[in-house]
Amino acid sequence: MLSQGYADGLVGQLPFQMGQDVASTLYKLKNDADVKSEILGTNLIEILRVPLVLPQLNVDYNYLGSLTILGYILFAIVAILAIGCCSWTFLNRNARVVKASQPMFLYLLCMGVLIFGSTI
32 MLSQGYADGL VGQLPFQMGQ DVASTLYKLK NDADVKSEIL GTNLIEILRV
82 PLVLPQLNVD YNYLGSLTIL GYILFAIVAI LAIGCCSWTF LNRNARVVKA
132 SQPMFLYLLC MGVLIFGSTI
């Protein structure tokens, strides 16, 4: 079948037995023993047909499309809110609640949220 062009590869279902028969036949040939010519028949599982010349593969990895606009909008919302919270903390840095929350820590939180939002 292979030489006539009907299939490019045949897959049998007894790979261990086929390998064992090949190994024993090669061992007999090496030791000059009598090797009988027989055909081992198995059921065919699959016929693989792969063309020799494949077309050029062009893959478009741009899965986002118009979702980039949504990403920019979400980043703008997060950035505006983070900068707004940072400015609110700056304006109210002398208030008792803000002093108890340590304004420098609140600035760090705002910067962390801004960095986190930029990954969108």
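Residues in the sequence shown are numbered from 32 upward in steps of one, following this note's numbering.
Glycine included, every Cβ here is placed at the ideal spot set by N, Cα and C.
Model, not experiment: these values are computed from the prediction.
Simplified DSSP assignment, three categories, for residue i
i: Tyr94; result: coil
i: Ile151; result: coil
i: Ala64; result: coil
i: Val53; result: helix
i: Pro86; result: coil
i: Leu45; result: coil
Alpha-carbon spacing of residue i relative to residue j, whole angstroms
i: Ile100; j: Ala107; result: 11 angstroms
i: Met49; j: Val84; result: 31 angstroms
i: Ala113; j: Asp91; result: 35 angstroms
i: Phe121; j: Pro134; result: 8 angstroms
i: Ile111; j: Thr150; result: 15 angstroms
i: Phe147; j: Val109; result: 9 angstroms
i: Leu145; j: Gln87; result: 43 angstroms
i: Val66; j: Leu60; result: 7 angstroms
Proximity to residue i [Cα-Cα], best of the options
i: Ser118; options: Asn93, Pro86, Cys141 and Ala54; result: Cys141
**Item:** Unbroken stretches of the alpha helix (DSSP H), 4 residues or longer, contained in the segment 96 to 133
**Value:** Taken in chain order, the whole alpha helix (DSSP H) runs of length 4 or more contained in the segment 96 to 133 are 98 to 122 and 127 to 131.
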